[in-house]
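Engineer: This is the structure I have questions about; it appears just below.
There are 2 protein chains.
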Amino acid sequence: MGGDFAPSEIVAGARQAVDELGIPVVLVGPPERLGADHGLEVLPASEVIEMDDDPGPSVRRKKDASLLRAAEAVRDGRALAMVSAGNTGAAMASALLRMGRLRSVVRPAIATPIPQLGSHPAVLLDAGANAECSAPMLVQFAQMGAAYATARYGVAEPRVALLSIGEEKSKGTPLVKEVHALLAQTAGLRFAGNVEGRDLLSLPADVVVTDGFTGNVALKTLEGSLRFFMDTLLEVFAADEEAKRAAEVMLPRLAPLAAEFDPDGIGGAMLLGVDGVCVISHGSSRARAVVSAVRVAHDVAVGGLVGALGRAVAAG
Amino acid sequence: MGGDFAPSEIVAGARQAVDELGIPVVLVGPPERLGADHGLEVLPASEVIEMDDDPGPSVRRKKDASLLRAAEAVRDGRALAMVSAGNTGAAMASALLRMGRLRSVVRPAIATPIPQLGSHPAVLLDAGANAECSAPMLVQFAQMGAAYATARYGVAEPRVALLSIGEEKSKGTPLVKEVHALLAQTAGLRFAGNVEGRDLLSLPADVVVTDGFTGNVALKTLEGSLRFFMDTLLEVFAADEEAKRAAEVMLPRLAPLAAEFDPDGIGGAMLLGVDGVCVISHGSSRARAVVSAVRVAHDVAVGGLVGALGRAVAAG
């Protein structure tokens, strides 16, 4: 029921995931709003948490919300994973309340893929779950991010970097300097040192760790500037007849690049640190984004991500 | 003596500023390294703080450093303003030590222009002077940023926004929420609420306030993604003969855009809160960037920026 194009695009994506990937999908929501043409199993939920609802109060008040019911289905073993394109805070709260935290995890984090040209995406966390973080939280984010890069992209020994304002360990806030020292001595972690904002699209690492405030600002800055550039380019391409002809030459050559940066193909963000798989797709998800999210959710669940996260944090 | 192309490009830029703008420039540094062909007055300084020197120890140890001598020249009224393309931390420390802080200013901040298509640039501060900030510091950054937008871009009543991770005043760290509440009730300030990372290139404000850690990460993310996009585009433009012909049509149409985003034309960052004008140009400054920086330094100094900053902070 979540996202700008719910439920129609979400339902269409679920149907496509079944047809194309052979992954069984259960829809959660008010049956009358989901329709019946899709032919999928429906887990009824009478309430919906809207995009602009305040997450905390909503999950307490709307006991029969689709997000809570979806998280319960994972908790109860009726589903292997949940996928939502809805209210991020409410999806997080639902997963946390119903699935619970993994033992030893202080706070779950949102891990978001950042495209890297010619390679698998890197993982940035925390992308916004925790505006304020402690040093032990950030060390766990590093451990969980590494386990996720292995589960998701098959990286054997992921390199983990820390986002700061200079490469030297003396750069950054007192928190960042403390975390730098801790990561350098964390057993089993391949620490690659600090990276800066300008490195995010060509990272010398598979994982970037930061607090949820900085991570959210950096990701949205990245998204905003890429969108700005794309929009401006398309405007120039349509400026006059000569430009339009040149654009016909350029567009096919730019398509592979655009595909690598298309959020719909990337599969969404993952909430790491809860006792179950929870994928959060962007609010403007259409059917294709839902298919990607279902595929990723399925793959990491089957691959044993949750167990791997638990071991990674316990080992530290 | 600072920057990747010092002293030759810096000297050439100084000469151009004299010739093209009629602004008298004094060079500061070891006379034998500055040469004599430029025909400009030289203020001798026997030492140079290098780009990778640690700022604090350097300014204490190198008493005859060109940066310190330049700041002294401003303090003593021998120069109206200083311009450096060198070590940012050392330029800041030199200005702070020799010019002193403005009365009532808790900590100076670096204000950096962010291009806004079809309008004057917006000003982001702090761009990295203070990794950790208090609420009173951020309120002063708002006041100084507004005064600077007026002095630099002639904005009569600048709108000031706060960088956060959501538009609602409930979003962000405890510090950001506190600052939001304070800015909303600061007399004489036109507070425009929160903005997010994705808004930075199309801001509903003239000034964006943030701590120096977040500001530095956001700016470098912006720079990095624009550079990535430009580089990738140029690669596609050169991919084959057909692409090259199409590029010949596109490039002149993209040139005005590239000019708006060219850091060399923008004039550099400004250290606000010291008792004098100090412009910090980027490390890769060539002659043209120096000309822009000299022009900006001259214009705001003549326009009474320092007095305006003092009044803005005292009024709050």
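First to last, the protein sequences are chains A and B.
Going by this note's numbering, the first residue of the first sequence is number 20, and it counts up by one from there.
Going by this note's numbering, the first residue of the second sequence is number 20, and it counts up by one from there.
For glycine and all other residues, C-beta sits at the position ideal for the given N, C-alpha and C.
Give me the chain B residues within the contact set of Leu143/A, using Cβ-Cβ distance strictly less than 7 Å, ordered along the chain.
Structural biologist: Under the 7 Å cutoff, chain B gives no residues; its nearest Cβ is about 11 Å from Leu143/A.
Engineer: I'd like to know if Asn235/B contacts chain A, where contact means its C-beta is closer than 9 Å to some C-beta of that chain.
Structural biologist: So yes, Asn235/B belongs to the interface.
Engineer: Between Ala278/B and chain A, is any beta-carbon pair separated by less than 9 Å?
Structural biologist: No, Ala278/B does not count as interfacial toward chain A.
Engineer: For Gln204/B, count neighbouring Cβ atoms within 10 angstroms of its own Cβ and tell me buried if that reaches 16, exposed if not.
Structural biologist: Gln204/B is exposed by the Cβ-count criterion.
Engineer: Just how far apart, CA to CA, sit Thr240/B and Glu267/A?
Structural biologist: Approximately 31 Å, taken between the alpha carbons.
Engineer: Over the uninterrupted beta strand (DSSP E) stretch that includes Gln135/B, give me the two end residues.
Structural biologist: Unbroken beta strand (DSSP E) run through Gln135/B: Ala128 to Gln135.
Engineer: Of all the residues that make up the stretch 61–74 of chain A, which are near chain D by a beta-carbon distance shorter than 8 Å?
Structural biologist: In summary, chain D is missing from the structure at hand, where the protein chains are A and B.
Engineer: Rounded to a whole number of angstroms, what is the C-alpha to C-alpha distance between Ala211/A and Ala112/B?
Structural biologist: Each residue's alpha carbon lies about 30 Å from the other.
Engineer: What's the gap between the Cα of Pro349/B and the Cα of Gly173/A?
Structural biologist: What the structure shows of chain B is the stretch from 20 to 335, and residue 349/B is not part of that stretch, so it cannot be assessed.
Engineer: Does the separation of the CB atoms of Arg94/A and Ala64/A fall below 9 Å?
Structural biologist: No, these two residues do not count as a Cβ contact at 9 Å.
Engineer: For Val61/B and Phe24/B, what's the separation of their Cα atoms in angstroms?
Structural biologist: So the alpha carbons of these two residues sit roughly 19 Å apart.
Engineer: Can you list, in chain order, the residues of its chain with a C-beta nearer than 7 Å to that of Ala333/B? Leave out the 5 residues immediately preceding and following it.
Structural biologist: Correct list, in chain order: Ser123.
Engineer: Per DSSP, which residues does Met20/A bridge with? Please list them.
Structural biologist: Note: Met20/A sits in no beta bridge, so no partner.
Engineer: Using only the alpha-carbon positions, how far apart do Asp218/A and Glu187/A sit?
Structural biologist: Rounded to the nearest angstrom, the two C-alpha atoms are 14 Å apart.
Engineer: Rounded to whole angstroms, what's the CA-CA distance from Val158/A to Leu182/A? Just pull it up for me.
Structural biologist: Looking at the two C-alpha atoms, the distance is approximately 13 Å.
Engineer: Round the Cβ separation of Gly48/A and Val67/A to the nearest angstrom and send it over; I've been treating them as touching at under 8 Å.
Structural biologist: Indeed they touch by this definition, with Cβ atoms about 7 Å apart.
Engineer: Which two residues bound the contiguous beta strand (DSSP E) that contains Pro282/A?
Structural biologist: Here Pro282/A belongs to no beta strand (DSSP E); instead the alpha helix (DSSP H) covers Pro282 to Ile285.
Engineer: Quick one: does Gly22/A have its CB under 9 Å from some CB of chain B?
Structural biologist: Not closer than 9 Å to any Cβ of chain B, the Cβ of Gly22/A fails to qualify, so no.
Engineer: Rounded to whole angstroms, what is the Cα-Cα separation between Gly322/B and Ala170/B?
Structural biologist: Approximately 7 Å between the Cα atoms of the pair.
Engineer: Along chain A, which residues have their Cβ under 7 Å away from the Cβ of Asp218/B?
Structural biologist: Per Cβ cutoff of 7 Å: Gly243.
Engineer: Report the residue from Ala31/B, Arg120/B, Thr131/B and Leu194/B whose alpha carbon sits nearest the alpha carbon of Leu328/B.
Structural biologist: Looking at the Cα atoms, Arg120/B is the closest of the given residues.
Engineer: Note down, in chain order, each residue of its chain lying with its Cβ closer than 6 Å to the Cβ of Glu28/A, except the 5 sequence neighbours on either side.
Structural biologist: Answer for Glu28/A: Arg305 and Ala306, listed in chain order.
Engineer: I'd like to know if the stretch 291–310 of chain A and the stretch 306–320 of chain B are in contact, where contact means that at least 3 CB-CB pairs between them fall below 8 Å.
Structural biologist: No contact exists between the stretch 291–310 of chain A and the stretch 306–320 of chain B.
Engineer: Name, going along the chain, the residues of the stretch 293–306 of chain B whose beta-carbon falls closer than 9 Å to a beta-carbon of chain A.
Structural biologist: Answer in chain order: no residues at all.
Engineer: Which residues in chain B have a C-beta closer than 7 Å to the C-beta of Pro193/A? List them in chain order.
Structural biologist: Simply Glu151.
Engineer: Nearest by alpha-carbon distance to Val142/A: which of Ala180/A, Pro76/A and Cys152/A is it?
Structural biologist: Checked all of Ala180/A, Pro76/A and Cys152/A; the closest Cα to Val142/A is Ala180/A.
Engineer: In the DSSP assignment, the alpha helix (DSSP H) including Pro223/B goes from what residue to what residue?
Structural biologist: Note, Pro223/B: premise wrong, no alpha helix (DSSP H); not H, not E.
Engineer: Against Ala180/B, what residues of chain A qualify as contacts under a CB-to-CB distance less than 9 Å, listed in chain order?
Structural biologist: Those within 9 Å of Ala180/B in chain A number zero; the least Cβ separation is about 13 Å.
Engineer: Apart from the five residues on each side of it in sequence, which residues of its chain come closer than 6 Å, Cβ to Cβ, to Gly147/A?
Structural biologist: Excluding residues within five positions, the ones whose Cβ falls inside 6 Å are Ile129, Gly231 and Asn235.
Engineer: Helix or strand or just coil, what does DSSP make of Val214/B?
Structural biologist: Residue state, collapsed to three classes: strand.
Engineer: Using 8 Å as the threshold, is the stretch 152–168 of chain B in touch with the stretch 99–118 of chain A, meaning 3 or more CB pairs across them?
Structural biologist: No, the stretch 152–168 of chain B does not touch the stretch 99–118 of chain A.
Engineer: Who does Pro63/B pair with in a DSSP beta bridge?
Structural biologist: Gly48/B.
Engineer: Nearest to Gly137/A by alpha carbon, out of Ser300/A, Ala277/A and Glu260/A?
Structural biologist: Gly137/A has its Cα closest to that of Ala277/A, out of Ser300/A, Ala277/A and Glu260/A.
Engineer: Compare the C-beta of Leu202/A with all C-beta atoms of chain B and state if any pair is closer than 9 Å.
Structural biologist: So, not an interface residue.
Engineer: Going by alpha carbons, who is nearest to Asp73/B out of Asp283/B, Gly105/B, Val37/B and Met163/B?
Structural biologist: Of the listed residues, the one whose Cα sits closest to Asp73/B is Gly105/B.
Engineer: Name the two residues that bound the continuous beta strand (DSSP E) containing Val142/B.
Structural biologist: Per DSSP, Val142/B belongs to the beta strand (DSSP E) from Ser138 to Leu144.
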